[in-house]
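**Student:** Quick one: the structure is below, questions incoming.
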Amino acid sequence: MGILRFERAGKQYSTDGQTVTALRDISLEVETGRFVAVAGRSGCGKSTLLNLAAAMDFPTAGRVILDGVPTWPLDDFALTRLRRGKIGFVFQSFQLLAALSAVENVELPLMLAGENDCRRRAVESLRRVDMDGYENRMPFQLSGGQMQRVAIARALVHRPRLLVADEPTGNLDSATGDHILALLRRLVDEHSVTILMATHSLEAAAAADTIVRMRDGQIEQIQEGR
Amino acid sequence: MASFRLLYRFVIRPMARERLRTVLTVFAVALGVGVVIAIELAGQAAAGSFHASMETLAGRADYEVTAAGGVPVEAVGRLATLAWPIRVRPRIEDYGMIAGDLRVVPVIGVDLVADGRLAAAGGEAPDAESLMAADAIWAGPDTGYHKGDTVRLILNDTERRFRVRGVLGSAAGGAFVLDLGSASRLLGRKSTVDRILIESPASESVLRAVLPPGCELARFGARTEENRRMLAAFRWNLRVLSYIALVVGAFLIYNTLSVSVVRRRPEIGIVRAMGATRRAVLGAVLSEAAMLGLAGGAAGLLLGRVMAEGAVRLVAATVDSLYVSSRPAPIEVTAAIVAWAMAIGIGAALVSALTPAWEAAQVPPTEAMARGRREYQARVRRWRNLGLGAACGLAAWLAARQAPVGGRPLFGYLAALLLIATGVLAIPALISSLASVSAGCLRRIGAEALLAGRSLAGSLRRTSVLVGALSTAVAMTVAVAIMVGSFRQTVLDWMDDRLKADLYLRPAAPASADRHPTIRAELADRVAKLEGVAAIDRFRAYEINYQGMPATLAGGDSRVASRFGRRSFLGVSNPVPIFRALEHPGTAVVSEPFANKHNVHPGDRLRLPMGARIVSLKVLGVFYDYANERGYIIVDRRTLLRYLPDPASSNIAVYLKPGVDLEAGRRQVEGALAGARVQVLSNRRLRQEAIRIFDRTFAITYALEAVAILVAVTGVASALVALVIDRRRELGLLRFLGGSRPQVARMIYYEAGLLGLLANGVGLLLGMALSMVLIFVINRQSFGWTIRFHWPVAVLLGVLTLIYMATVLAAVYPARIATRLRPIEVVHEE
């Protein structure tokens, strides 16, 4: 059984009385320990798909089942708990909190979940992404690649079942982007992390086990990469 | 036209878009302006009121003659026989109380035969038959009485029944008018009148030549001017206090505009790239400020008019009990007041906008290419500011040691301002230090507390301004609370020391700082002879003028005072020798406010007009006194009677024999006073009444502080809304990282709580320092009172808790906004 399953899921938005269809009839299963890339042009629905996968939003049609739990009709509190336990997020623009040091950023999900031993686990998570020694640096003291590594450490610190990465190399130069992709690949291979990554770059998508090509809110093709 | 369009697009439209913040900022300015206007209007109404009461039926005059204890009637004859065209109008001026509704009304005695036409203008002329009637009285149109009505008036210690013989013209206002002969008889003026008004082209020297030596001749209206001068310190201090809310409001305009400039840096960069000059940008920000000030000024004017209704009652009551008989005049919003409201609204806004406007003008066109406000860190030079703060503190200490300027504690105010500057400048360094010290502790509380602490320290400039505004308001509240609490305790201690008699008698007719109704001598004699009475101290007070300022001359029984009573003298541990020496004619003791106002010391000689003579008195000592601010000169009763032979008393202290039960003694005294309208007050009751008047006097200062706090809390609410809007990405991110809605709300509450804690801490420290300046510099130089420092712990705890709760409650709405943000939208916004 996969960690994530989309069953004919769709998403529509209403803006100023007009209905916009962001996703249509999506059926997809992500197996545990796989690296899945969702590729396509801007506006094809990649981010919406990631938001549904990460229980940040509900489908307006069909179902999204995360680790056996349908995300609808969970209330806000239950969704929050689901995210806390099972999801890790990486963003294109890193989204580190400027007022917190690297290690404080990493331990934040643990603290929000009220867990213990936060600092030790955060330091360990930083080590997994080769950022040991940078614990007390503030975000403005780090390079783009280093910030993204810290963001990945933060996403992994609570050992989520699924790591959702939205254009993780989008704000990086190609060499740094390659390092980040290699890191994600290593996490899958060595630590059996499941990754769902959105990217507009086919080059980046090539690092994944499976490439889901999207166009106009629909899956165009699912291609096994490796 | 084009510039107006640009103004609309870049200034008005963004203000309209952020309606809530704009409304909150305008509200804060409006409150600040409103308080200033309310106090100005109330002060004007209260200061105008004694003029209105005293000048009832005064008409036109060139000079006025007054004398301590009354002007001898022979002066009227002497003036009338001068070989100059002259019109002499003797008057008796007093107050009575209507027995039914206890309303205090002016009771004026004039020569209705000679002045009938003046009195009647617009009303009914007194007819000859009515003038002969013993119970005849005429009512002013504002008294509410009509011809034929019966009115019972309490005059001195007696209730009298009158029949209203007619309603006079508008010049009589709310007064009752008696013919001079009746007034003289009924109000106990034996061969004296209170004032003579003179219409004559004769010079002062001609007139003075025929007047008895104790009489004082002045230009008509001089007394009103003296009263105004006496009130100046009170009004000035009240005015200064009223500006605190405006200062706090100015902090908030500064904050609003700073945030607005930081947020709109990319926008400003684009405009600059498209050809806008630095001056245009400067002008745009200043225009935004001016508009906030204009709207705040206009709303403040309306608010001020509404608040003035309440303020005028409090101010008038204080003026009446501490300075001069008064009844509030109508509140008048003049063109000058309207202009002043606009000027201070716009002025405060423009001054607070100068720094943000200058910063906006410095934004380079390349900012258009930058990634926005996150790239811009507002720099705060905290250590340099701390150094400046220390310099301000030192300057404050030096300013506090300077003498008053023209009787006003200008350096005291400067010291207070410098202290506030010290506090405000020290805040950034304090916040940084506290943030690093408290990090571990906040972390232990939870992620929300840690984030709240870091976020406050991270936006140091905004936090500093907010803490500065709130702590200034808190500091002033703390300072006023300590000052009033200390003053209250000092007065309580003084009463413990001063009020030793068992019972106090005073006439039922209304008394005030300048009104001393009397009890007949025969009633006092009756009380003195009672079996249970050990001694009585007859105290008689007269209003006099000393060196152009009103003061009170009084006589008491020194023998009784040295045996039973006590009075604490400055620098004297045993007052008995002073009382003994006071029995000798030609000696006096003076109160501390009098000594300070006139720079009088023990050993100095005073030259006082008493009756028809000028008397020289040697000052034996200066006693602590908090009864009124006019100041007392006290002589022995026998000395007083030598020059002013009326034996009636203004009040009487009764000492019961040891072992006589208070209630039994009271019954005896009341029996002796049967038929007379004299109040018999126990020692306890008198103290309670004094404290009630004290609390009423200072109610307005608390009200002013409450408004300042309200302005500051409004600012906190407004700033938290801005903070939520600015940090929406971070708040959304927390939801992505597993934070729940209640956790996001808690973070906002923690921020408000930390702001409140910081502001209370800084405010408490600053307030302590300010209270020293208030007590030992401003109050002493303005009013001449020695106040002993006292901690009103319960009041301070209550006030600080209230402020803290208000600050946290100010976060309710911003927290609601924060929890309603859609994380997906805000995180992907950029």
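Sequence lines, in order, name chains V and S. Under this note's numbering, the first residue of the first sequence is numbered 1, with each subsequent residue one higher. Under this note's numbering, the first residue of the second sequence is numbered 1001, with each subsequent residue one higher. Glycine included, every Cβ here is placed at the ideal spot set by N, Cα and C. The structure presented is a predicted model; accordingly, all values stated were derived computationally and were not measured.
1) Tell me the residue span of the beta strand (DSSP E) that contains S/Thr1081.
2) For S/Leu1608, write down the residues that DSSP places opposite it in a beta bridge.
3) Quick one: what does DSSP say S/Leu1582 is sitting in, helix, strand or coil?
4) Relative to the alpha-carbon of V/Cys44, which residue among V/Glu224, V/Thr199, V/Leu142 has its alpha-carbon at the smallest distance?
5) Identify every run of the alpha helix (DSSP H) within the segment 1447 to 1502 of chain S, keeping only runs that are complete inside it and at least 4 residues long; order them along the chain.
6) Please list the residues of the segment 6 to 18 of chain V that have a C-beta atom closer than 9 Å to any C-beta atom in chain S, keeping them in chain order.
7) With C-beta atoms as the reference, is S/Val1799 less than 8 Å away from S/Gly1756?
8) Measuring CB atoms only, is the segment 1257 to 1265 of chain S touching the segment 1101 to 1115 of chain S, in the sense that at least three cross pairs come out at less than 8 Å?
9) Does any residue of chain V bring its CB to less than 8 Å from the CB of S/Pro1814?
10) Any idea which residues DSSP pairs S/Gly1166 with across the strands?
11) Got a sec? Which residues, its chain only, sit under 7 Å from V/Met147 by beta carbon, not counting five neighbours each side?
12) Determine the contact status of V/Leu196 and V/Val164, defining contact as a CB-CB distance below 8 Å.
13) Since V/Arg34 and V/Thr169 should fall inside the 8 Å C-beta cutoff, what is the C-beta to C-beta distance between them, to a whole number of angstroms?
14) Let's see if you can read the secondary structure: which residues bound the beta strand (DSSP E) around S/Phe1176?
15) Near S/Thr1066, what residues of its chain come up, given a Cβ to Cβ distance below 6 Å and the 5 sequence neighbours on each side ignored?
16) Is the shortest distance between the beta-carbon of V/Pro109 and the beta-carbons of chain S less than 8 Å?
17) Mind listing the chain S neighbours of V/Arg83? Cutoff is C-beta to C-beta under 7 Å, in chain order.
18) Note down the Cα distance separating S/His1601 from S/Val1622, rounded to an integer number of angstroms.
19) Which residue from V/Ile222, V/Asp216, V/Leu181, V/Gln221 puts its Cα closest to that of V/Val20?
20) Rounded to a whole number of angstroms, what is the C-alpha to C-alpha distance between S/Gly978 and S/Glu1093?
21) Shorter than 8 Å from the beta carbon of V/Leu112 to some beta carbon of chain S?
22) Just how far apart, CA to CA, sit S/Asp1609 and S/Gly1555?
23) Among residues of its own chain, excluding the 5 on either side of S/Ala1426, which ones have a beta-carbon nearer than 6 Å to its beta-carbon?
24) So for S/Leu1754, helix, strand or coil by DSSP?
25) State whether the segment 1454 to 1466 of chain S contacts the segment 96 to 109 of chain V, with contact taken as three or more CB pairs (one from each stretch) at a distance under 8 Å.
26) Counting only Cβ pairs nearer than 8 Å, list the residues of chain V close to S/Ser1455.
27) Taking only beta-carbon positions, decide if V/Phe227 is within less than 8 Å of chain S.
28) Name the two residues that bound the continuous alpha helix (DSSP H) containing S/Gly1297.
29) For S/Ala1745, which residues in chain V fall below 9 Å Cβ to Cβ?
30) Check whether the Cβ of V/His179 lies closer than 8 Å to any Cβ atom in chain S.
31) Exposed or buried, what is S/Lys1529 when buried is set at 16 or more other beta-carbons lying within 10 Å of its beta-carbon?
32) CB of S/His1790 to nearest heavy atom of the ligand ATP: below 7 Å?
33) Going by the CB atoms, is the gap between S/Val1589 and S/Ile1634 shorter than 8 Å?
34) Where do the N-terminal and C-terminal ends of the beta strand (DSSP E) with S/Gly1148 fall, by residue?
35) So, at 6 Å on beta carbons, what are the nonlocal neighbours of S/Val1795 in its own chain, with the 5 sequence-adjacent residues on each side left out?
36) What residue from S/Pro1823, S/Phe1776, S/Arg1788, S/Val1029 has the CA that sits closest to S/Ala1403's CA?
**Tutor:** Reading from the atomic positions:
1) Taken as a continuous stretch (DSSP letters only), S/Thr1081 belongs to no beta strand (DSSP E), as it is neither H nor E.
2) S/Val1615
3) helix
4) V/Thr199
5) 1447 to 1458, 1460 to 1498
6) none
7) no
8) no
9) no
10) S/Trp1138
11) Phe94, Leu96, Pro139
12) yes
13) With 8 Å as the limit, V/Arg34 and V/Thr169 do not qualify as a contact, their Cβ atoms being about 19 Å apart.
14) 1176 to 1179
15) Arg1195, Glu1216
16) yes
17) Gly1738
18) 7 Å
19) V/Asp216
20) There is no way to answer for residue 978 of chain S, as the model of chain S reaches only from 1001 to 1830.
21) yes
22) Here the sequence assigns Pro to residue 1609 of chain S, which means Asp is not the residue at that position. Between S/Pro1609 and S/Gly1555, the C-alpha separation is close to 14 Å.
23) Leu1386, Gly1389
24) helix
25) yes
26) Ala99
27) For chain V, the structure presents residues 1 to 226; residue 227 of chain V sits outside this window and is missing.
28) 1278 to 1322
29) What S/Ala1745 touches in chain V: nothing, since even the nearest Cβ is about 12 Å away.
30) no
31) exposed
32) Annotation note on the ligand ATP: not contained in the displayed structure, which lists no ligands.
33) yes
34) Element bounds for S/Gly1148: n/a, residue is neither H nor E.
35) Ala1481, Gly1485
36) S/Phe1776
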